[in-house]
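What follows is one structure encoded as structure tokens, with my remarks underneath.
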Amino acid sequence: MKNRPLWFYIFSVVALSISVLNIFTHAAFLRIVTMICLAVVMVSLGTFELKKNRKMAFALFGVAVFQVFVLAEMIYVAVTK
39 MKNRPLWFYI FSVVALSISV LNIFTHAAFL RIVTMICLAV VMVSLGTFEL
89 KKNRKMAFAL FGVAVFQVFV LAEMIYVAVT K
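Residue numbers (my numbering): 39 to 119.
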């Protein structure tokens, strides 16, 4: 059984609900919040996996870095438009 704290499950449900809401509304603010939430979930999963499976942890950290990069690009495009 995986040992993850309660805050992770609560945050995951909140992030999932924001993502679903983003699919239906297409609001720019919700896109930004969705990217931040998903990056936090990936970093949290990476820290949980760090002691058990290093390759998986670094892959999760890589996904989080990519999401932050896409978020920064999205904000840059929104500001310069």
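In this text, a Cβ means the ideal position worked out from N, Cα and C, and glycines have one as well.
The model shown is predicted, which means the values in this text are computed figures rather than measured ones.
Could you check what DSSP says for residue i in three-state terms: helix, strand or coil?
i, result
"K93", "helix"
"R42", "coil"
"L88", "coil"
"A65", "coil"
Given a cut-off of 9 Å, decide if residue j and residue i are closer than it, judged by their beta-carbon atoms.
i, j, result
"L109", "L98", "no"
"M73", "V106", "yes"
"A102", "V81", "yes"
Identify, in the order they occur along the chain, each residue of the same chain with its Cβ nearer than 7 Å to the Cβ of residue i, setting aside the five sequence neighbours on each side.
i, result
"F86", "R42"
"L68", "I56, L59 and N60"
So is residue i buried or exposed if we call it buried at 16+ other beta carbons inside 10 Å?
i, result
"L44", "exposed"
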